[in-house]
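With the first letter of the sequence shown counted as 1, position 68 gets the number 155 in this note's numbering; the numbers rise by one all the way through. No residue lacks a Cβ here, since even glycine has one placed at the ideal position from N, Cα and C. Worksheet: one structure, shown below.
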Amino acid sequence: MHTVWKGAISFGLVHVPVKMFSATEDKNISMRMIHKECSTPINFVRKCLTCDREVANEEIVRGYEYEPGAFVVFDKDELEQLTGEVTKEIKILDFVKLEDIDPVFFQKTYYLAPSETGANAYSLLLEAMRQTGKIGIAKVSIRSKSSLAAIRIIDRCIAMETIFYPDEIRSVDQVPNLPETAKVNDKELDMAKMLIEQLSTPFEPEKYKDDYRSAVLEAIEQKVSGKQIRVAPEPQKSNVIDLMAALQASLEASKPAADTGKAEAKTAKGKLAADPEDKPTGKRKSKSKKENVGG
Numbered sequence: 088m089h090t091v092w093k094g095a096i097s098f099g100l101v102h103v104p105v106k107m108f109s110a111t112e113d114k115n116i117s118m119r120m121i122h123k124e125c126s127t128p129i130n131f132v133r134k135c136l137t138c139d140r141e142v143a144n145e146e147i148v149r150g151y152e153y154e155p156g157a158f159v160v161f162d163k164d165e166l167e168q169l170t171g172e173v174t175k176e177i178k179i180l181d182f183v184k185l186e187d188i189d190p191v192f193f194q195k196t197y198y199l200a201p202s203e204t205g206a207n208a209y210s211l212l213l214e215a216m217r218q219t220g221k222i223g224i225a226k227v228s229i230r231s232k233s234s235l236a237a238i239r240i241i242d243r244c245i246a247m248e249t250i251f252y253p254d255e256i257r258s259v260d261q262v263p264n265l266p267e268t269a270k271v272n273d274k275e276l277d278m279a280k281m282l283i284e285q286l287s288t289p290f291e292p293e294k295y296k297d298d299y300r301s302a303v304l305e306a307i308e309q310k311v312s313g314k315q316i317r318v319a320p321e322p323q324k325s326n327v328i329d330l331m332a333a334l335q336a337s338l339e340a341s342k343p344a345a346d347t348g349k350a351e352a353k354t355a356k357g358k359l360a361a362d363p364e365d366k367p368t369g370k371r372k373s374k375s376k377k378e379n380v381g382g
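Here's what the structure looks like:
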């Protein structure tokens, strides 16, 4: 794994030297921008319109447009001083319960490993957080951006999740067409709760797959081998929804296999019992001629 940051966690006067690694990886399929006419990749060039030439990275600084066409500029060192990135510190401000943080605040997860000299302090913080059941709320600066962060335990590792500041979270009041009050039919509500219960299961992340990525990879292989891509048409869906019918069908479709098997066996048993050839007639069978003669 590639180290993305080096620094230290601080809580009180205790410093824990750590290295940071990205906990996630983007597996999106990368595609280039291609000129359709000649199939040539398109290059994007950093060009100065005034000087009419390409600009190298070392010539580029950051600027804020405070009015149209007017900028104040900052070089890398100035921004690092402002963000505190030079200190390379993850400063824990408070300890809270994880369930107190709404998931909307979370951004990106990083793993933190102890540096060569920080193993003892790392283990101390990890075990103290594990036994108290608390997570740390910290401030950190990465790549000239200041962030809040949640410091928590994942298995045997201290992890850091960058989180949004409160003023970065949009209010739900901005979402259009939300109902003022929930008005639902009691029978539909009962069936909906039954459906939720039937679909409830422990979270097993390994069973979820990226179907879109698999389909794109398959399409790429087909194109490379010269085959024509065939995609099944989407079934037409009606805009008119009978909630009761949809809920009932969903409940039937989501029944566990064991229940379905029992129902099928019960149905089969019922059919056998209903077969007229197997029904007792209630009449005594007549003796054969041989039995009558011997009589």
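query: Since SER202 is in the alpha helix (DSSP H), which residue starts that stretch and which ends it?
result: Taking the first residue of the sequence shown as position 1, residue 202 is located at position 115. Counting along the chain, SER202 falls outside any alpha helix (DSSP H), and DSSP gives it neither H nor E.
query: For VAL105, which residues from the same chain have a beta carbon less than 8 Å from its beta carbon, with the 5 sequence-adjacent residues on both sides left out?
result: The residue you call residue 105 lines up with position 18 of the sequence shown. Result list for VAL105: LYS93, GLY94, ALA95, ILE96, ILE177, LEU199, ALA200, PRO201, SER202, GLY205, TYR209, ILE245, in chain order.
message: By alpha-carbon positions, which one of ARG230, LEU235, VAL183, GLU248 ends up nearest to GLY220?
response: As a first step, residue 220 is located in the sequence shown; it is residue number 133 there, counting from the start. Checked all of ARG230, LEU235, VAL183, GLU248; the closest Cα to GLY220 is VAL183.
message: According to DSSP, is ALA279 part of a helix, a strand, or is it coil?
response: Taking the first residue of the sequence shown as 1, we reach residue 279 at position 192. If DSSP states are grouped into helix, strand and coil, ALA279 belongs with the helices.
- prompt: When you compare only the Cα positions, how much space is there between SER301 and ALA236?
  reply: For the purposes of this step, residue 301 is taken as residue 214 along the sequence shown, with counting starting at 1. For the purposes of this step, residue 236 is taken as residue 149 along the sequence shown, with counting starting at 1. Each residue's Cα considered, the two are about 33 Å apart.
query: Which of the three DSSP states, helix, strand or coil, is assigned to PRO266?
result: Taking the first residue of the sequence shown as 1, we reach residue 266 at position 179. PRO266 falls in the coil class under three-state DSSP.
query: Among LEU180, SER312, ILE188, which residue has its Cα nearest to the Cα of LEU100?
result: For the purposes of this step, residue 100 is taken as the residue at position 13 of the sequence shown. Checking every option, the nearest Cα to that of LEU100 belongs to LEU180.
message: Just to confirm my understanding: we take VAL132, look at its own chain, exclude 5 residues before and 5 after, and list those with CB closer than 6 Å. What are they?
response: Residue mapping note: residue 132 aligns to position 45 of the sequence shown, counting from 1. If we look at VAL132 and ignore the five residues flanking it on each side, its Cβ neighbours are GLU141.
- prompt: DSSP on GLU248, reduced to helix/strand/coil?
  reply: Working through the sequence shown from its first residue, we reach residue 248 at position 161. The answer is strand: DSSP assigns GLU248 an E or B state.
- prompt: Does the Cβ-Cβ distance between THR249 and THR111 come in under 9 Å?
  reply: As a first step, residue 249 is located in the sequence shown; it is residue number 162 there, counting from the start. As a first step, residue 111 is located in the sequence shown; it is residue number 24 there, counting from the start. No, the pair does not count as a contact, with Cβ atoms beyond the cut-off.
field: Beta-carbon spacing of SER231, LYS163 below 9 Å
entry: Counting from 1 along the sequence shown, the entry for residue 231 is found at position 144. Counting from 1 along the sequence shown, the entry for residue 163 is found at position 76. Result yes, Cβ atoms of SER231 and LYS163 sit closer than 9 Å.
- prompt: Which residues share a DSSP beta bridge with THR127?
  reply: Position 40 of the sequence shown, counted from the first residue, corresponds to residue 127. Partner(s): HIS122.
- prompt: Just the Cα atoms here: how many angstroms apart are THR137 and SER258?
  reply: As a working note, residue 137 is residue 50 in the sequence shown. As a working note, residue 258 is residue 171 in the sequence shown. The straight-line gap from Cα to Cα measures roughly 42 Å.
message: Rounded to the nearest angstrom, what separates ARG239 and SER109 at their Cα positions?
response: Position 152 of the sequence shown holds residue 239. Position 22 of the sequence shown holds residue 109. Between ARG239 and SER109, the C-alpha separation is close to 15 Å.
message: Less than 9 Å between the C-beta atoms of LEU334 and GLU275, yes or no?
response: The residue given as residue 334 occupies position 247 in the sequence shown. The residue given as residue 275 occupies position 188 in the sequence shown. For LEU334 and GLU275, yes; Cβs fall inside 9 Å.
task: Starting from the Cα of TYR252, find the closest Cα among HIS102, PHE290, PHE193, LYS175 and give me that residue.
output: The residue labelled residue 252 in the question sits at position 165 within the sequence shown. Checking every option, the nearest Cα to that of TYR252 belongs to PHE193.
message: Quick test of your reading: LEU338 and MET281, contact by CB under 8 Å. State the CB separation rounded to the nearest angstrom.
response: Sequence index remark: in the sequence shown, residue 338 carries index 251 (1-based). Sequence index remark: in the sequence shown, residue 281 carries index 194 (1-based). Yes, they are in contact, since the Cβ atoms of LEU338 and MET281 sit about 6 Å apart, within 8 Å.
- prompt: Tell me, which residues are paired with HIS30 by DSSP?
  reply: Outside the displayed span of the chain (88 to 382) sits residue 30, for which this structure offers no information.
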